[in-house]
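Here the sequence shown is numbered in the working numbering, starting from -14 and rising by one per residue.
Below you'll find the structure, written out as structure tokens, and then a few comments.
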Amino acid sequence: MGQPILSIALPLLFVWGSLLVTFWLLDLLPIRPPAGLSKRIDGISTFELVDLGALTTGRLLLISAVSLFFELMLIRWLSSEIRIFAYFKNIVLVACFFGFGLGCFLSRKKIRLAYVLLPLLVLVLFTSLPWYDLHRLMLKLSDYIGAFADVHVFGRFYGQGLRKYAGAMLGFSVVIPCLALATLTMIPMGQLVSRFLEIRAGISAYSANVAASIVGIWLFTGLSFLATPPIVWFAVFALGMLAVVWNLPRFRVPVILTFVLIGVALWSGGLISYFRANELYGAAPKMLSLQVAEEKTYWSPYQKLTLVTLTDGKETIRTILQTNGSWYQDILDLRPDWVSAHPGYDGLGDQVPLPYHRYNFPYRFKPTPADVLILGAGMGNDVAAAIRNGAGRVVAVEIDPLIQQLGYERNPEKVYSDPRVVRVVNDARAYLQTTHEKFDLVVSSILDSHITQSSFTNIRTDNYVYTREGIEAMFRVLKSDGVLSVSFSDERPWFGGRMRDTLAAILGKTPRVLNNGYFFFIIGDAAERQIAADPELAAYVAKFKIDKVQDAALTTDDWPYFYQRNRGVPMIVAVLSVLLIALCWLVLRGNQLRLTSMRWHFFFLGAGFMLMEVQIISKLALVFGTTWLVNSIAISALLGLILLANAVASRAPALTGTFAYAGLFVALAVCYLVPMKALLFGSFWMRALASTLLLCSPVFFAGLIFISSFAASKFSAEAFGSNLFGSVVGGLLEALSFWTGIRSLLIVAGICYALSLMTRKGLEAEPVMKASAAAPAAAAD
-14 MGQPILSIAL PLLFVWGSLL VTFWLLDLLP IRPPAGLSKR IDGISTFELV DLGALTTGRL
46 LLISAVSLFF ELMLIRWLSS EIRIFAYFKN IVLVACFFGF GLGCFLSRKK IRLAYVLLPL
106 LVLVLFTSLP WYDLHRLMLK LSDYIGAFAD VHVFGRFYGQ GLRKYAGAML GFSVVIPCLA
166 LATLTMIPMG QLVSRFLEIR AGISAYSANV AASIVGIWLF TGLSFLATPP IVWFAVFALG
226 MLAVVWNLPR FRVPVILTFV LIGVALWSGG LISYFRANEL YGAAPKMLSL QVAEEKTYWS
286 PYQKLTLVTL TDGKETIRTI LQTNGSWYQD ILDLRPDWVS AHPGYDGLGD QVPLPYHRYN
346 FPYRFKPTPA DVLILGAGMG NDVAAAIRNG AGRVVAVEID PLIQQLGYER NPEKVYSDPR
406 VVRVVNDARA YLQTTHEKFD LVVSSILDSH ITQSSFTNIR TDNYVYTREG IEAMFRVLKS
466 DGVLSVSFSD ERPWFGGRMR DTLAAILGKT PRVLNNGYFF FIIGDAAERQ IAADPELAAY
526 VAKFKIDKVQ DAALTTDDWP YFYQRNRGVP MIVAVLSVLL IALCWLVLRG NQLRLTSMRW
586 HFFFLGAGFM LMEVQIISKL ALVFGTTWLV NSIAISALLG LILLANAVAS RAPALTGTFA
646 YAGLFVALAV CYLVPMKALL FGSFWMRALA STLLLCSPVF FAGLIFISSF AASKFSAEAF
706 GSNLFGSVVG GLLEALSFWT GIRSLLIVAG ICYALSLMTR KGLEAEPVMK ASAAAPAAAA
766 D
């Protein structure tokens, strides 16, 4: 694995030892801590809901908002610090739902604040201690697991045979316990909210819970918009927790002390440089003479960005951007005079003359274009190339506002301040669907994604750009004599095969496939004429033309998984799901909870709603863009429809029975049958109206069903917990879309709702799942 054994063994022993001590202190292992120690821990962390004071609506709003904020914070933070979760955010979401649901079933037990504080502190220590080998281990988890993954993971470990599987086992041995810690942190949240709802027992209380959840979403969205770091998120959460337990003076010091330690750990993580030039540039000896002048971390709305400035002791030579610990892009200075004055630092390679560098290459086929569209403009390398090559006007589209701002500040050619450049912060596909402009040259330049667009789906932020429909949208914005340039990483040979076959399906003929370090596709009659007229260009194209690339299934808007070669549930998703299910089963068994006592009606409602929510958010991302703002608006809109359903149910209860189920099944059928392209109106307001009526209408009817059933169960905590356990299963079933496509999730959701209808009778008479007296002390009074 390319590391001295001790550099892996020591941090691994630290992680495993910390996990065992944490579970032991929380009384979750067969070997119990001494009675005196357990009593002291309970004394500073255990309480009843009524100890907090009067159960007012204001207190419910506070607890609900803090719970939702914490869930979003946990998902975003873990996805940035443990990189494998950036590719599969819904796994963390499922763990949070399971913890919250388990808290519902334990709602009549005393609440242990230690379940939040201790696991959270341990997770922060794992990811933030200023110990390089530990940091490297946590970053490399995705590489080790990605080695045996059949979904592409950037930076994956390329070991073979037993080394590959040993690395995967090492990765899973850390990732799954970390998920267990995340699960534990949500248990007290589930206890607080579910017990509160059960005691208040009214639709108004549940509506307050939903409304507060919207507040929690937008509080975190606002912090993301301001590009705040995790230390700010944790500070806000700490204030929320202090507000929740303020009436219990004995808890104030433990809460403050824990979050002070967390703050110190988060701060100390930035004291040492994790960057190693020889790790990123091991194949370029010239780079080894450079020094790290600055390493600064930023937090965009999407990801953790680390900007590293390299110097030769006199001037800045290269600026490197990492996302979530992976190399992402460099800022290159490719002005001819700078390149000639700094030989060896241009990243060109022996076979690539400056005019044919990947950023300059498209302009050999379309010289001095009047209008250029750049998709995935990043920190400005492509923009600079367009200006250097005589472009009259450049529209630079970049989804991450902070990356674009860093390019504005750091790009040595200062192209983002050039009056010929129009900066656009948007998803590339969304821009293509809404612009009415036409361009001489469209450049899609290595637009690759290291993150999923939402915690509810496995769709990465760039997936809809490279579907057949997405590339057709690129052609629609070309002028009649325009040229399309598409380039992508050649790390997987089938990336080129997928691009080739998608373009062939659109064009009716096989395009040229070039590989000069990246896959390149240059399309357009003007490009062919330029090749024919320029012998030097023709020779270069002939030199790097390749005839054979590996095949891969075509991606469409219904199956947009660009980083998966063929349809099917990926092995890594299946393994993670099985391990997570095993973890859930062990926790349930340890707390003496029996599935035979599950409230199945609510379970199927939860599974159906989760599947429905996944496909709605996925489709709204296609209609409006895979941006963080669209995601927050979509979730808020769905919660708003639930509030509307609550209001209707309280005033017209007759609409919550047969009418609601009939409306739900009709709405699901319409969503399934109407093609997505029917919603892609040019007018934003038409798209918004049509999408709300078509995609979101099932949520309203599902809300009517849930609130009527929840009321019939007297707002039972067990019913709420069963619903969340169903959401866990629904979240895992989302993996079916890797095989059958996103639209098929509506069929599975329909089956779940049909099963909920079959199990609806006798809600009040259903058995209640309770922890037995033999439950371990983790759940005991």
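Don't be surprised by glycine CBs; every beta carbon is placed ideally from N, CA and C.
Just so you know, these numbers come straight off a predicted model, no measurement behind them.
Check	Outcome
C-alpha distance - Ile727 paired with Ile601, whole-angstrom precision	9 Å
Check whether Ala362 and Ala381 have beta carbons under 8 Å apart	yes
CB contact flag (Val445, Ser430, <8 Å)	The amino acid occupying residue 445 in the given sequence is Arg; Val does not appear at that position. Not closer than 8 Å, so no.
Proximity of Thr168 and Val107 at Cβ, strictly below 8 Å	no
DSSP-derived helix/strand/coil call for Ser472	strand
Nearest-angstrom Cα separation, counted from Trp218 out to Val51	11 Å
Phe723, enclosing alpha helix (DSSP H) - first and last residue	722 to 725
Residue span of the alpha helix (DSSP H) that contains Tyr191, given as start and end	188 to 210
Sub-8 Å separation of Ile692 and Ala739 beta-carbons	no
Beta-carbon contacts of Glu749 that lie in its chain and below 8 Å, excluding the five residues immediately before and after	For Glu749, the predicted model reports a pLDDT of 46, less than 50, meaning its position is unreliable; a value from the coordinates is still stated below. Ala697, Ser698, Lys699.
Nearest-angstrom Cα separation, counted from Leu110 out to Ser3	10 Å
For Lys528, the nearest candidate out of Val221, Arg185, Val337, Asp315 (CA to CA)	Val337
Those residues which DSSP pairs with Leu102 across a bridge	None; Leu102 has no bridge partner.
Given Ala673 as reference, the closest of Ala637, Ile627, Gly610 once Cα atoms are compared	Gly610
Sufficient close CB pairs (3 or more, under 8 Å) joining the stretch 479 to 498 to the stretch 530 to 540	yes
Neighbourhood of Val684 by C-beta distance below 6 Å, restricted to the same chain and skipping five residues each side	Leu623, Leu626
Every unbroken beta strand (DSSP E) inside the stretch 337 to 378 [3 residues or more]	356 to 360
Contacts around Asn396, its chain only, beta-carbon distance under 7 Å, and the 5 residues preceding and following it disregarded	Ile316, Met364, Gly365, Ala369
Entirely enclosed alpha helix (DSSP H) segments - the stretch 68 to 128, minimum 4 residues	69 to 72, 74 to 90, 99 to 113
Backbone secondary structure at Ala278 - three-state DSSP	strand
CA-to-CA distance, Tyr100 to Lys149, given in whole angstroms	35 Å
Top-ranked residue by Cα proximity to Phe90, from Arg574, Leu664, Lys24, Tyr657	Arg574
For Thr446, the first and last residue of its enclosing beta strand (DSSP E)	That residue, Thr446, is in no beta strand (DSSP E); it is neither H nor E in DSSP.
Nearest-angstrom beta carbon gap, Thr442 and Ser603 [assumed within contact, 8 Å]	5 Å
Assumed close pair Leu124, Arg68 - CB separation to whole angstroms, cut-off 8 Å	6 Å
Backbone secondary structure at Phe666 - three-state DSSP	coil
Sequence ranges, beta strand (DSSP E) only - wholly within the stretch 485 to 552, length at least 3	504 to 508
Ala381 - DSSP class collapsed to helix/strand/coil	strand
Limits of the unbroken alpha helix (DSSP H) element including Asp297	No alpha helix (DSSP H) contains Asp297, which DSSP labels as neither H nor E.
Nearest residue (CA-CA) to Phe54, options Ala652, Ser198, His342, Ala212	Ser198
Touch test, the stretch 470 to 483 against the stretch 306 to 323, Cβ-Cβ under 8 Å, three pairs minimum	no
Residues sharing a beta bridge with Val136, DSSP	Gln549
Identity of the residues DSSP links to Val428 by a beta bridge	Ile359, Ser470
Presumed contact (8 Å Cβ cut-off) between Ile302 and His327, rounded CB distance	7 Å
Check whether Ala632 and Leu689 have beta carbons under 8 Å apart	no
C-alpha gap between Tyr525 and Asp367, whole angstroms	21 Å
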